[in-house]
Every structure is written in structure tokens, then in C-alpha cells.
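Undergrad: Quick one: the structure is below, and I'll ask about it shortly.
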Amino acid sequence: MSDADGTWISLFSGGKDSSWALYRALEEGLDVSHLVTVHPTGDSYMYHVPATDLAALAADSTGIPLIDVEPADFEAEETVDSGAQGDAELEPLEAALVDLDRELEEGIAGVTAGAVESEYQTSRIEAMCDRLGCELFAPLWQEDPRDLVDAMLEAGFEIAIIQVAAHGLDESWLGRTLDHDAIRELEALNEEYGVHILGEGGEFETLVLDGPHMERRIDLEYETEWDGTRGRLEITDARLE
2 MSDADGTWIS
12 LFSGGKDSSW
22 ALYRALEEGL
32 DVSHLVTVHP
42 TGDSYMYHVP
52 ATDLAALAAD
62 STGIPLIDVE
72 PADFEAEETV
82 DSGAQGDAEL
92 EPLEAALVDL
102 DRELEEGIAG
112 VTAGAVESEY
122 QTSRIEAMCD
132 RLGCELFAPL
142 WQEDPRDLVD
152 AMLEAGFEIA
162 IIQVAAHGLD
172 ESWLGRTLDH
182 DAIRELEALN
192 EEYGVHILGE
202 GGEFETLVLD
212 GPHMERRIDL
222 EYETEWDGTR
232 GRLEITDARL
242 E
């Protein structure tokens with residue numbers, strides 16, 4: 002792979018962080034030729050898990066081809082070392098990028114990632130890019146969370162919360178739009194319970210329904226599942242408007 006030639010590949014889940022990395026890459030003029038979505042079948046140390054099947058709709062809306070990576074079950078067991086688990090989860094993604102590099106006329110110049118604070122994830126993605134000889138574009142990395150979410154909203158991102166798993170976040174947050182009112186409440190919950198306002202510790206997961214990088218908005222129909230401490234949206238229908 003060449004650092005100068007080739008196109009860019011965006012690691013993409015449809016959530017706010019990977020979508021922001023894609024949007025920023027496009028704003029920077031990077032030639033993003035493909036999106037890549039990994040579909041874990043269980044709990045994952047490395048990847049956004051819920052509703053990754055909706056990434057295909059988001060990809061259609063961006064007009065950028067999507068490559069799906071569906072490796073074996075990622076669900077970690079108590080006996081599995083977390084470091085080894087993360088390395089194992091990365092292998093199918095790296096294999097897919099190697100294949101894609103061979104197929105592209107000028108190869109892959111770089112990869113975009115939506116990591117914010119996770120050294121666990123970022124160090125592994127950086128090492129993968131080093132092995133592949135390509136660059137890493139991680140525009141959210143170690144940026145101020147409030148500045149990031151304000152920038153997302155100012156740019157016109159419509160962000161829905163699709164899963165919650167943190168003390169202080171109840172069923173009313175499921176399906177809620179992450180707007181300025183929600184951010185103020187999350188800041189209060191951060192003070193009281195330590196909830197990260199970007200959900201960085203897995204406190205909540207999101208789906209971007211609309212944004213300046215998308216031609217058509219995603220419309221969802223859903224039911225909520227709540228077990229008393231955590232919950233998620235059960236998507237019953239999704240389409241592009």
C-alpha cells in the first residue's frame with residue numbers, strides 16, 4: 002500500500018462517531034471509495050454492535066459502496082484475555098482490507114476511524130494500518146467530547162439513541178434524539194453517575210438518521226426492549242425517505 006496513492010476506506014457502523022469520521026474525511030477532500038462494516042454476533046471489545054445491519058441503509062444514502070465483514074462469533078468468554086480477544090476480532094477486518102487493497106487499482110491510502118478515547122481500540126487500528134502501510138485518519142481522537150457533539154449538531158447530524166446501558170439512563174432515552182437538551186441532561190448525569198456524554202464507555206449507542214453526507218434520511222419504526230437496567234430498540238422497519 003502507498004501512503005500517497007490509492008483511496009480511503011471508512012470503518013463504518015452507522016453510529017455517530019464513525020459517521021463523523023467519514024463526514025470529516027469527505028470535508029478534508031479524502032477520496033473515500035468504500036465503507037467497511039464489521040458485524041459482530043455477540044459482545045465485542047472492538048466494534049459498535051447494535052443495529053449494524055442498518056449501516057447498509059446509511060451507506061446507500063451516502064452513495065458510497067459498503068463491504069460487510071461477518072466474522073465468527075466475537076462474544077468474549079470469561080477465560081479469554083481481553084487483549085487476545087481484541088487482536089482476534091481485528092483479524093477478519095484486516096483480511097478484508099488486504100483483499101480490498103489487491104482489488105483496487107491504486108490500493109488503499111488510508112483508513113478512517115471514529116475512536117474517541119479508547120486506547121484499546123485505537124492502538125490496534127494504528128498497528129493494523131502500520132502493517133498495511135496506510136495512514137489512519139481519526140478526527141475524534143482525544144478531542145473534547147462536548148466540542149465534538151456540538152460540532153455534530155451544528156453540522157446537521159440527526160442522531161438517535163438506539164441502546165442504553167448505564168445507571169441514570171432509563172427507558173425514556175431509547176429512540177431519543179441526541180439534541181442540545183439531551184446533551185445538557187447527559188452532562189448532569191456525567192456529574193452524578195459518570196455517564197460519558199458521547200457514550201464512550203458503552204453507556205449508549207447511536208444511529209445517525211440524517212446528516213450533510215447523506216442524500217436521504219433514514220426513517221425507523223421500532224419497539225423498545227427494557228430489562229430494568231438496560232435496553233435497546235427492536236427495529237421493526239427501516240427505509241430511506
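When the letters of the sequence shown are read in order and numbered with my numbering, they come out as residues 2 to 242. For each residue, glycine too, the CB sits at the ideal point set by N, CA and C.
What is the C-beta distance between Gly-232 and Val-196, in whole angstroms, given that I count them as a contact (C-beta under 8 Å)?
TA: Counting from one through the sequence shown, the residue named residue 232 turns up at place 231. Counting from one through the sequence shown, the residue named residue 196 turns up at place 195. Going by Cβ atoms, the distance from Gly-232 to Val-196 rounds to 15 Å, so no, they are not a contact pair.
Undergrad: Count the other CB atoms, across all protein chains shown, that sit within 10 Å of the CB of Tyr-21; report buried if there are 16 or more and exposed otherwise.
TA: On the sequence shown, position 20 is the one that residue 21 refers to. Sequence inspection shows Trp at residue 21; the Tyr mentioned does not correspond to that position. That one is buried.
Undergrad: Would you list the one or two residues that DSSP bridges to Gln-164?
TA: By 1-based counting over the sequence shown, the position of residue 164 is 163. Beta-bridge pairing links Gln-164 to Glu-206 and Arg-233.
Undergrad: Decide yes or no for the touch test of the stretch 179 to 188 against the stretch 23 to 35: beta carbon pairs closer than 8 Å, at least 3 of them.
TA: no
Undergrad: Going by DSSP, what residues sit across from Tyr-223 in a beta bridge?
TA: As a working note, residue 223 is residue 222 in the sequence shown. Beta-bridge partners assigned by DSSP to Tyr-223: Ile-236.
Undergrad: Nearest-angstrom Cα distance between Ala-128 and Trp-227?
TA: Residue numbering aside, residue 128 sits at position 127 when the sequence shown is read from its first letter. Residue numbering aside, residue 227 sits at position 226 when the sequence shown is read from its first letter. Ala-128 and Trp-227: Cα-Cα distance of roughly 38 Å.
Undergrad: Keeping to the same chain, check which residues put their C-beta closer than 7 Å to that of Glu-222; ignore five residues upstream and five downstream.
TA: By one-based count along the sequence shown, residue 222 stands at place 221. Contacts found: Thr-237 and Asp-238.
Undergrad: Under the rule that 16 or more other beta-carbon atoms within 10 Å means buried, what is Arg-125, buried or exposed?
TA: Counted from its first residue, the sequence shown places residue 125 at position 124. Buried, by the Cβ-count rule.
Undergrad: Secondary structure at Trp-21, three-state DSSP: helix, strand or coil?
TA: As a first step, residue 21 is located in the sequence shown; it is residue number 20 there, counting from the start. Of the three classes helix, strand and coil, the one that applies to Trp-21 here is helix, per DSSP.
Undergrad: Pick helix, strand or coil for Ser-119, following the three-state DSSP scheme.
TA: Counting from 1 along the sequence shown, the entry for residue 119 is found at position 118. DSSP places Ser-119 in coil when its eight states are reduced to three.
Undergrad: Is the beta carbon of Val-39 sitting closer than 7 Å to the one on Leu-94?
TA: Locating residue 39 in the sequence shown gives position 38, where the first residue counts as 1. Locating residue 94 in the sequence shown gives position 93, where the first residue counts as 1. The answer is yes: Cβ separation under 7 Å.
Undergrad: On the DSSP bridge list, what partners appear for Leu-67?
TA: Position 66 of the sequence shown, counted from the start, is the residue given in the question as residue 67. Paired residue(s): Leu-36.
Undergrad: With a CB to CB cut of under 6 Å and the five nearest residues on each side skipped, what residues in its chain are close to Gly-7?
TA: As a first step, residue 7 is located in the sequence shown; it is residue number 6 there, counting from the start. Around Gly-7, the same chain offers Glu-107, Gly-108, Ile-109 and Ala-110 as residues with beta carbons nearer than 6 Å, after the five sequence neighbours per side are excluded.
Undergrad: Measure the alpha-carbon distance for Phe-138 versus Leu-98 and round it to whole angstroms.
TA: As a position in the sequence shown, residue 138 is number 137, starting the count at 1. As a position in the sequence shown, residue 98 is number 97, starting the count at 1. Going by the C-alpha atoms only, they are around 15 Å apart.
Undergrad: Taking DSSP as the reference, what is the three-state secondary structure of Ala-152?
TA: The sequence position of residue 152 within the sequence shown is 151, counting from 1. Helix, per DSSP.
Undergrad: Could you please give me the residues that DSSP links to Glu-136 through a beta bridge?
TA: One-based indexing of the sequence shown puts residue 136 at position 135. According to DSSP, Glu-136 bridges with Gly-111.
Undergrad: Buried or exposed, going by whether 16 or more other CB atoms sit within 10 Å of the CB of Leu-241?
TA: Residue mapping note: residue 241 aligns to position 240 of the sequence shown, counting from 1. Its Cβ having fewer than 16 others within 10 Å, Leu-241 is exposed.
Undergrad: Between the Cα of Gly-212 and those of Asp-131, Asp-32, Ala-152 and Glu-235, spot the shortest distance and give me the residue it belongs to.
TA: In the sequence shown, residue 212 corresponds to position 211, counting from 1. The residue with the shortest Cα to Cα distance from Gly-212 is Ala-152.
Undergrad: May I ask you to report which of helix, strand or coil DSSP gives Ile-10?
TA: As a position in the sequence shown, residue 10 is number 9, starting the count at 1. Here Ile-10 sits in strand by DSSP.
Undergrad: Applying the criterion that 16 or more other CB atoms from any shown protein chain within 10 Å of the CB defines a buried residue, is Thr-178 buried or exposed?
TA: Residue numbering aside, residue 178 sits at position 177 when the sequence shown is read from its first letter. Result: exposed.
Undergrad: Name the DSSP bridge partner or partners of Glu-216?
TA: The residue you call residue 216 lines up with position 215 of the sequence shown. Per DSSP, none; premise fails for Glu-216.
Undergrad: Buried or exposed: where does Thr-113 fall if 16 or more other Cβ atoms within 10 Å of its Cβ makes it buried?
TA: Against the sequence shown, residue 113 aligns to sequence position 112. Label assigned to Thr-113: buried.
Undergrad: Return the CA-CA distance between Ala-161 and Asp-54, expressed in angstroms with no decimal places.
TA: Sequence index remark: in the sequence shown, residue 161 carries index 160 (1-based). Sequence index remark: in the sequence shown, residue 54 carries index 53 (1-based). Rounded to the nearest angstrom, the two C-alpha atoms are 15 Å apart.
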